[in-house]
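Sequence order for the protein chains is E and D. Going by the working numbering, the first residue of the first sequence is number 359, and it counts up by one from there. Going by the working numbering, the first residue of the second sequence is number 2, and it counts up by one from there. The beta-carbon is built from N, C-alpha and C at its ideal position, and this holds for glycine as well. Predicted model only: the values in this text are computed from it and were never measured. In what follows, a single structure is set out as C-alpha cells and then discussed.
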Amino acid sequence: MTFSIAKTRSKLETLRDTKPTGKPVQKLAGVWVDELASLGKAITLCRECKRKFNFRAYDYEQRKLCPMWDEVIGECDGCKTGPLWCQLFTKRNCHGI
Amino acid sequence: MEFENSLSGGAPYLMKHQINATVANVGVPLLIGGAGEAGLDLPTATAVNDMVGVNIDTATYVTAQTTDGTSPERLVTIIANPDAVWRARLSGSSTEGTALTARTVTTASTDGLDVTAGNYSGTTMDEGAIWGYSGANAGRIRKITSISTTAATVTVAFDADIAVGDKFVHASFWTFDTNTVKLTAAFYEVDAQAAAASNEAEFMPIRFRQGDLASDGLNKSYVLMVARDHILKQGDA
Chain E
359 MTFSIAKTRS
369 KLETLRDTKP
379 TGKPVQKLAG
389 VWVDELASLG
399 KAITLCRECK
409 RKFNFRAYDY
419 EQRKLCPMWD
429 EVIGECDGCK
439 TGPLWCQLFT
449 KRNCHGI
Chain D
2 MEFENSLSGG
12 APYLMKHQIN
22 ATVANVGVPL
32 LIGGAGEAGL
42 DLPTATAVND
52 MVGVNIDTAT
62 YVTAQTTDGT
72 SPERLVTIIA
82 NPDAVWRARL
92 SGSSTEGTAL
102 TARTVTTAST
112 DGLDVTAGNY
122 SGTTMDEGAI
132 WGYSGANAGR
142 IRKITSISTT
152 AATVTVAFDA
162 DIAVGDKFVH
172 ASFWTFDTNT
182 VKLTAAFYEV
192 DAQAAAASNE
202 AEFMPIRFRQ
212 GDLASDGLNK
222 SYVLMVARDH
232 ILKQGDA
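Listed below in C-alpha cells is the structure:
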C-alpha cells in the first residue's frame, strides 16, 4: 500500500536526497514512507505531503508530543524538505512510558 | 521518558540519525557516538554525558549488508531540543514498571517534622523527597534534610500532624538540588528509590508530579527534569 507524490525533481531536491537521512536516491517518496510505516517508524510529513498519507491504513495516529504544539519541526519524510513544520505520525499506542 | 515541553516554549525539533547500538525502547536518552562508533549510543543508568536527544521510535543495529533489500543504515528519530523538559516515571527499582514503596508511620509526629516509618539511614534518602501517600498529608511533598535508622526528618513541617498509619513515599533526590538521578536498567524511567550516592545521571530534576492513594501514586508518579549535559547546549564542551 503506497501513496504517490508525482512531481519533477529539481537539482536541489536531488542534492537533498544525498543527505544521509535514510531514503535512497532511487527510491520514490511514497515507497519510502510505506517502508517507514511497515517498520513502525516515526514519520514526519509536511503540510503538503501529510494530506496524501492515509495513516489509519497503517494503524498510525497523528501525534502531539506536547499540548502546546500540534506539529513538530523536522524534515519531511515525503518530499525531504525542511526542517519545517511537520505533522508527526507514530504507530498507535506506541507512546513511551 | 517523554517530551513535556521546552523551557523556551519552542516546538519539538526532530531529527533522524544513525545508531551505534540497538535501541529497543522508546524514551531513551541517546548520546553522541565516540571514536570508532557509527552513530548514537546508549547511556548507562548513571551516565548521560553528551546527550543528543530522546528517541521516539526504535531500530536494530546492523553493520553488514542485508539480504532482504533493506539498508543496513538504521535510523532512530530523536527529539533534539537541548532545553527540553523530560517527564520520567518514577520506578521503585531498577526494573521499569516497578511500583514505588510506601512506608507506614509507626510513631505520630505532632509537629509534622518526623516521618517515623522505617530505616532511612546511610546516604540512601538524605536530601531526597518525601510525600504523603495517604492520611492528612496526602499529596504534600517536602525535602528530607536528615535521616536516621527509624525516621526521615524534614525542615519545613508538613501541613498536618503525622498520624500512625499514614503512608509516605520517598525518592532519593530533590528538585534544583545537589542530587541528580539514576535511570532504570532500560534507561527510560528513573530509579527513584536507589541510594542517593548512585544518582549520577546528568539530569536536573525540576519538579515532581507526585501521586497519592487517590491517583495511584505508587505507579503514577513522575519527575520533570532537564538534561545537564546536552551536546547542543551553548557552552557545553
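Integer Cβ distance of residue i from residue j, believed to fall under 8 Å
i             : j             : result
residue 106/D : residue 159/D : No, residue 106/D and residue 159/D are not in contact; Cβ-Cβ is about 11 Å, not under 8 Å.
residue 55/D  : residue 203/D : No, residue 55/D and residue 203/D are not in contact; Cβ-Cβ is about 13 Å, not under 8 Å.
residue 447/E : residue 403/E : 7 Å
residue 117/D : residue 151/D : 6 Å
residue 104/D : residue 119/D : 5 Å
residue 130/D : residue 209/D : 6 Å
residue 23/D  : residue 68/D  : Incorrect: roughly 19 Å between the Cβ atoms, too far for contact.
residue 222/D : residue 31/D  : The Cβ separation is near 25 Å, so there is no contact.
residue 201/D : residue 47/D  : 4 Å
Where residue i sits in the DSSP three-state scheme
i             : result
residue 443/E : strand
residue 144/D : strand
residue 104/D : strand
residue 133/D : strand
residue 413/E : helix
residue 434/E : coil
residue 192/D : strand
residue 419/E : strand
residue 392/E : helix
residue 215/D : helix
residue 17/D  : strand
residue 450/E : coil
residue 381/E : coil
residue 198/D : helix
residue 139/D : strand
residue 387/E : helix
residue 229/D : coil
residue 183/D : coil
residue 75/D  : coil
residue 406/E : helix
residue 376/E : Residue confidence for residue 376/E is low, a pLDDT of 48 falling below 50, so the modelled location carries little weight and cannot support an answer.
residue 175/D : coil
residue 221/D : coil
residue 8/D   : coil
residue 80/D  : strand
residue 58/D  : coil
Cβ pair residue i, residue j closer than 8 Å
i             : j             : result
residue 427/E : residue 12/D  : yes
residue 233/D : residue 44/D  : no
residue 93/D  : residue 194/D : yes
residue 121/D : residue 153/D : yes
residue 214/D : residue 139/D : yes
residue 33/D  : residue 77/D  : no
residue 6/D   : residue 424/E : yes
residue 198/D : residue 95/D  : no
residue 228/D : residue 52/D  : yes
residue 128/D : residue 59/D  : no
residue 419/E : residue 450/E : yes
residue 135/D : residue 167/D : yes
Separation of residue j from residue i, as counted between CA atoms
i             : j             : result
residue 401/E : residue 16/D  : 11 Å
residue 18/D  : residue 396/E : 19 Å
residue 225/D : residue 384/E : 44 Å
residue 435/E : residue 173/D : 42 Å
residue 373/E : residue 439/E : In this prediction, residue 373/E scores a pLDDT of 48, lower than 50, which makes its location untrustworthy; no coordinate-derived value is stated.
residue 57/D  : residue 411/E : 20 Å
residue 156/D : residue 181/D : 21 Å
residue 99/D  : residue 171/D : 14 Å
residue 108/D : residue 192/D : 28 Å
residue 42/D  : residue 27/D  : 14 Å
residue 394/E : residue 421/E : 16 Å
residue 177/D : residue 14/D  : 25 Å
residue 10/D  : residue 413/E : 28 Å
residue 405/E : residue 381/E : 19 Å
residue 1/D   : residue 407/E : Chain D is shown from 2 up to 238; residue 1/D falls before or after that span and cannot be answered.
residue 455/E : residue 416/E : Bear in mind that the predicted position of residue 455/E carries a pLDDT of just 39, short of 50, making it unreliable; the figure below should be weighed with that in mind. Distance between the alpha carbons of residue 455/E and residue 416/E: 22 Å.
residue 231/D : residue 206/D : 15 Å
residue 399/E : residue 132/D : 39 Å
residue 433/E : residue 442/E : 6 Å
residue 437/E : residue 388/E : 9 Å
(request) May I ask you to verify whether the stretch 140 to 147 of chain D touches the stretch 76 to 85 of chain D, counting CB pairs closer than 8 Å and requiring at least 3? (result) no
(message) Three or more C-beta pairs under 8 Å: does that hold for the stretch 32 to 41 of chain D against the stretch 87 to 100 of chain D?
(response) no
(message) I'd like to know if the stretch 160 to 179 of chain D and the stretch 110 to 121 of chain D are in contact, where contact means that at least 3 CB-CB pairs between them fall below 8 Å.
(response) Three or more beta-carbon pairs drawn from the stretch 160 to 179 of chain D and the stretch 110 to 121 of chain D are found closer than 8 Å, and the two stretches are therefore classed as touching.
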